[in-house]
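Chemist:
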Amino acid sequence: MIEILSLFYLGDSMEEKILVTQSSMPPYEEYIEEIKELWDSKWLTNCGNLHNKLQSNLQQHLNVSNVELFTNGHLALMVALKSLGLKGEVITTPFTFASTTNAIVDCGLTPVFCDINEFDYTIDADKIEALVTDQTCAIVPVHVYGAVCDVEKIERIAKKHNLKVIYDSAHAFGVSYKGKNVSTFGDISMFSFHATKVFNTIEGGCLSFNDETLKQKIMQYRNFGLNGEQVEVCGINAKMNEFQSAMGLCNLRHNQEEIAKRKLISDCYDNLLAGVKGIKFLTLPDSIVRNYAYYPILIDQSVYGLNRDEVAGLLEKHNIFARKYFYPLTNEFDVYRDKFNGKTPIASKVSKNILCLPMFADLSIDNVKHIVDVLIAKK
Ligand SMILES: *Cc1c(COP(=O)(O)O)cnc(C)c1O
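Just so we're aligned: 103 in the numbering used here is position 82 of the sequence shown, and the numbers increase by one with no gaps anywhere.
1) Per DSSP, what kind of secondary structure is L130 in: helix, strand or coil?
2) How is the alpha helix (DSSP H) around N70 delimited, first residue to last?
3) Mark D234 as exposed unless 16 or more other C-beta atoms lie within 10 angstroms of its C-beta, in which case mark it buried.
4) Evaluate contact between the segment 50–63 and the segment 243–252, counting only Cβ atoms and requiring at least three cross-stretch pairs below 8 Å.
5) Using a Cβ-Cβ cut-off of 7 Å (strictly less than) and excluding sequence neighbours within five positions of I239, which residues of its own chain qualify?
6) Short check: CB of Q221 to CB of F214, under 7 Å?
7) Just checking, does the segment 64–76 make contact with the segment 262–279 on the three C-beta pairs under 8 Å criterion?
8) Hey, out of L336, D330 and H275, whose CA is closest to S44's CA?
9) When every heavy atom of ligand 1 is checked, does at least one fall within less than 6 Å of the C-beta of T234?
10) Pick out whichever of K345, R311 and V297 has its Cα sitting closest to the Cα of K282.
11) Is it the case that the CB of S213 approaches a heavy atom of ligand 1 more closely than 6 Å?
12) DSSP three-state label for C227, please.
13) Taking 6 Å as the line, does the beta carbon of H95 fall inside it for any heavy atom of ligand 1?
14) Give a single yes or no on whether A119 has its beta carbon closer than 6 Å to a heavy atom of ligand 1.
15) List in chain order: all unbroken beta strand (DSSP E) runs of 3+ residues lying wholly within the segment 232–314.
16) Given this structure, state the Cα-to-Cα distance separating I39 from S369, to the nearest angstrom.
17) Counting beta carbon pairs with one atom in the segment 184–201 and one in the segment 111–126, are three or more of them shorter than 8 Å?
18) Please confirm if the segment 299–315 is in contact with the segment 187–196, defined as three or more CB-CB distances below 8 Å between the two stretches.
19) Please indicate yes or no: does the CB of G269 lie closer than 6 Å to some heavy atom of ligand 1?
20) Could you give the distance in angstroms between the alpha-carbon of G249 and the alpha-carbon of C255?
21) Taking the alpha-carbon positions, what's the F118 to K345 distance?
22) List the DSSP bridge partners of Y198.
23) From M46 to L152, what does the alpha carbon distance come to, in whole angstroms?
24) Can G226 be considered in contact with ligand 1, in the sense that its beta carbon sits closer than 6 Å to one or more heavy atoms?
25) For a quick check, are the C-beta atoms of I401 and C135 less than 7 Å apart?
26) Please state if the CB of G225 and the CB of L75 are separated by a distance shorter than 7 Å.
27) Work out the CA separation of K148 and R177 for me, nearest whole Å.
28) Per DSSP, what kind of secondary structure is S372 in: helix, strand or coil?
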């Protein structure tokens, strides 16, 4: 009985629960229509018809010559690192999801942590060169929250020191900079199509790259290292299946519309929060076409009065679930603490003061107003 009651009991305020995110889904009938042919073909994975259709649609959508699909973004990132044959140190950011650092370490590479900038929280390109040693083989920057890294400076540094660049673009689907899709920067970019991302295939991801000669290696590493009957490299299994691909084909049709809805929500937050002292939201230059993947706010306790954890608690009291994202930093995880080089004081400060407010295409404007009202009332 208590359990049944708790299903309906939504806390003291009896307000509707607002979660930080909600997955985008196509109309039910559209998905059913898409998967129908699988009952005829009985071909469920290993580069089926739907997989190939999605691959080709994404190549067009991301405006890049090569796209390879994966069962998730994390394994895609691992395959990217493996296929480039990297060894040694990788300069990267700790202000990211566990996946980025885990992938580097799991591939036998040594992360060297570079600090971030205070404006858009991406890697501070001015601090990269000081971390380059004769062991450095690559840079793995992250387009955090769909902001774009300083791709020009990073490219110059990479050229000068002969380093590979692999972008973690998990947050940046649909983002472009100076008219170029982020899929085209660096040697390889990884996108995540996880259920919580701007574009989802339930779980899923892809690698995009310009150099056609990488294709063979990437496909091999994705499928156990097989080349015909032979195994030539120690590969993994990271293929995208047909049901994921079907979800992708459907969601891609609605993606522009979803991003447009996110923009309205983001603009509304911006307008309402503009007058709130001590809360800073993300503003990006006009050279970037955004995807509004997240709505991070940076809280300055000395001005706003409450610290980040208190703000998260206040929102929770009203059944609003924000996310401390990214906190802790990856170099503060138990498994990595004090193990790798690189001082990151700005990342550390941002990580303690950042909070991602609810953001998804179907979040109502009334709820956005309600969230900001709570932030203004501070009670
Ligand atoms: C989501 C995410 C990943 C991992 O992607 P999955 O598809 O969930 O495996 C990697 N890096 C960042 C920054 C992410 O947000």
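The C-beta atom is built at its ideal place from N, Cα and C for all residues, glycine as well. It should be emphasised that the depicted structure is a prediction, and the values quoted were computed from it without experimental measurement.
Modeler: Answer, in terms of the structure:
1) coil
2) N70 to H82
3) For clarity, residue 234 is Thr in the given sequence; the question names Asp instead. Classification of T234: exposed, given that the 10 Å Cβ count is below 16.
4) no
5) E89, V100, S104 and L228
6) Looking at the sequence provided, one finds Asn at residue 221 rather than Gln. Contact flag set, yes.
7) yes
8) H275
9) no
10) R311
11) yes
12) strand
13) yes
14) no
15) 300–302
16) 28 Å
17) yes
18) yes
19) no
20) 14 Å
21) 11 Å
22) K201 and I309
23) 43 Å
24) yes
25) Absent from the structure is residue 401, since the part of the chain shown begins at 22 and ends at 400.
26) no
27) 13 Å
28) helix
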